[in-house]
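In what follows, a single structure is set out as structure tokens and then discussed.
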Amino acid sequence: MNIPHTSPSKGGKIVLFNPKPSEISRKKGVLPLALLAIGNLLHREGYEVLICDGMFDTVTPKMLQGAVCLGIGAMIGYQIQGGLKVAQMARASCPDLPIVWGGWHPSIQPEQTAQSPWVDVVVRGQGEITFYELVKALETGGDLQAIQGLIYKKNGHIHSTPHRSLVDPNEFPPLPYHLLDMERYIHETEFGYRTINYISSVGCPHRCGFCAEQLVHGRSWLPLTADRVVSDLAMLAATYSLDAIAINDSDFFISEKRVIAISQGLLDHGVHLKWGNVNGRPDELVRYRESTWALMKKSGLSCLLTGAETSDGEILAIINKGGTVQQVIELAQRAGQFDIALRCSFMVGLPFAQRRKSLEAEFSELMDFINRLYEENQENMFLVFLYTPFPGSPLFDTAVELGYAAPQSLEAWAENLTGLNQSMTPWMDDRVAERVYQVNFYFPFVSGVVRKIIAKKPFYQRIILSPVERILFYWMKFRLKRQFFAFPLEYHLIRKGFQIFH
């Protein structure tokens, strides 16, 4: 597909808003890469693209004066809340300003999203070309029906245009990072002092029953070339003095050939970056050659993310995950062999019409499995999630049949805060849910993440924090190994302190 030819010209103003993803305020944010991509072509054509990140700022009526439109990107939950507040402000202060929504939730539920009085247009799926054409049409009074990938209102009726095929991301120019105050997004991780997030591909070819990505991108996977990735990372490292990169692809490791080329390219070009939090599947990574693992480690790979999902092979088959429980064990062993930390995620409370065991028994078996993986490498960390029903995913209908009360409006989805409201999944056991929260709290301590962060602190902080961390390390390790979750005083005290001081 041909990307619109852009040349410098005096364009209008576009305001893009990235709502805060949770109620917790943080000193550092996650780069709103989607909004950089959406505004990229328009910026290159001379439009004034204002990106407002809800982590730090909010949209004001003054920002909206003279704008062509307001764009809001949102995932399910808290981002919808923040987006609705800004949309309501925009409607009150600039009644004629078109309000455009995009991102994961609007792409999954476009018609329902468009029914909201605070939405004029929905951009579905990959939005770079769709949004570019939409802005042009809004400026000139063009026909929105001629633009693929839209849901929009006209004369009180909702209209839909044909689906837009995915565009190869290599056809788009590099992102305009300079539109943001990058120091707001450069943060410390366990594998680097100065880290930002980066995405090197679009889509995912897999068919996991709990995931809605196939509804957004089909089952396509379109990666940036290895040369493009190396060029991007070299530029980012040099421009912003980075020492680490967090790669946020849905699955980075689909092509071993590409991973080899990226790893070798980083070495050949002298790009000294640790790269971590990189997502891949156990069944892919256990097939990688040892020489590839050695090359990845040499080029800076620090830690892997993988969705193991469950310790039960039958459940893996039911959710169409692919792979086996044994491959998860083999991945932990292989990662440990090369001193690469593993970040492994699991789910509890998947919707089954005939549950073979209680949720408590399921959770207990999962903890036994997690403890086994932890012994492979005590820097491995584990995340356990309560199952969240995502509309458009194959398991969503099953969840509804079992009593999940699916929200029926954009406003109702705003109350579904990242799936942590237990009443949204009536089969969830509150005791198990509380243990899940405790496990997720304890593992950064027992995996060494907290220790590594403290090690980077000034001396006067280390002499206070390090002894406390050692005590908590052994106590929390005992809790997890023995599955002893009663009387979690330290859990409540530290969480409260974090809320007060962070």
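Under the numbering used here, the first residue of the sequence shown carries the number 6, and numbering increases by one thereafter.
Note that beta-carbon positions come from the ideal geometry of N, C-alpha and C, so glycine has one too.
Contact check for residue 338 against residue 381 passes: the beta carbons are separated by less than 7 Å. Residue 251 carries a strand assignment under DSSP once its states are collapsed to helix, strand and coil. Rounded to whole angstroms, residue 280 and residue 35 show a C-alpha spacing of 16 Å. Looking at the backbone, the Cα of residue 243 and that of residue 189 are separated by about 17 Å. Counting along the chain, residue 228 sits inside no alpha helix (DSSP H); it lies in the beta strand (DSSP E) bounded by residues 226 to 228. Across the structure, residue 63 and residue 413 are spaced so that their CA atoms are roughly 27 Å apart. Distance from the CA atom of residue 212 to the CA atom of residue 390, rounded to whole angstroms, is 19 Å.
Annotation: residue 473 to residue 497 spans about 16 Å, alpha carbon to alpha carbon. If you draw a straight line from the Cα of residue 73 to the Cα of residue 284, it comes to about 37 Å. With fewer than 16 neighbouring CB atoms inside 10 Å of its own CB, residue 145 falls in the exposed class.
In this structure residue 56 is in contact with residue 184, their Cβ atoms being roughly 6 Å apart against a cut-off of 8 Å.
The stretch 114 to 121 makes contact with the stretch 142 to 161: 3 or more CB pairs, one atom from each, lie closer than 8 Å. Here residue 69 is buried: its Cβ has 16 or more other Cβ atoms, across all protein chains shown, within 10 Å.
The beta carbon of residue 437 sits closer than 7 Å to those of 353, 364, 365, 368, all from its chain and outside the five residues before and after it, given in chain order.
If you keep only unbroken beta strand (DSSP E) runs of at least 3 residues inside the stretch 275 to 339, you get 279 to 281, 308 to 314.
When beta bridges are read from the DSSP output, residue 352 appears opposite 390. Residue state for residue 157 is assigned as strand, using DSSP reduced to three classes. Inclusion of residue 207 and residue 238 in the CB contact set at 7 Å is not warranted, their separation being larger than that value. In the structure shown, the three-state DSSP call for residue 199 is strand. In chain order, 332, 335, 336 place their CB closer than 6 Å to the CB of residue 291, counting only its own chain and leaving out the 5 sequence neighbours on each side. Judged by DSSP in its simplified three-state form, residue 23 adopts strand.
A Cβ-Cβ distance of about 12 Å is found for the pair residue 75 and residue 97, leaving them out of contact under the 8 Å criterion.
Closest in alpha carbon position to residue 293, among 151, 361, 316, 261, is 261.
Residue 246 and residue 409 have their C-alpha atoms some 47 Å from each other. If you keep only unbroken beta strand (DSSP E) runs of at least 3 residues inside the stretch 62 to 96, you get 72 to 78. The continuous stretches of beta strand (DSSP E) do not include residue 439, which lies in the alpha helix (DSSP H) extending over residues 435 to 451. Look at residue 256 here: in three-state DSSP terms it is coil, with no helix or strand label.
At least 7 Å separates the beta-carbon of residue 322 from that of residue 351. Residues 228, 231 of the same chain have their beta carbon placed closer than 7 Å to that of residue 263, with the five preceding and five following residues left out of the count.
Shown here, residue 127 sits in a strand according to DSSP, grouped into three states.
Annotated three-state conformation of residue 165 is strand, per DSSP. The shortest C-alpha to C-alpha distance from residue 49 to any of 407, 178, 216, 345 is the one to 178. Comparing alpha carbon positions, the residue from 19, 112, 150 closest to residue 67 is 19. Annotated three-state conformation of residue 346 is strand, per DSSP. If you look at residue 113, you'll find it in the alpha helix (DSSP H) that goes 109 to 113.
For residue 205, the secondary structure class from DSSP, reduced to helix, strand or coil, is coil.
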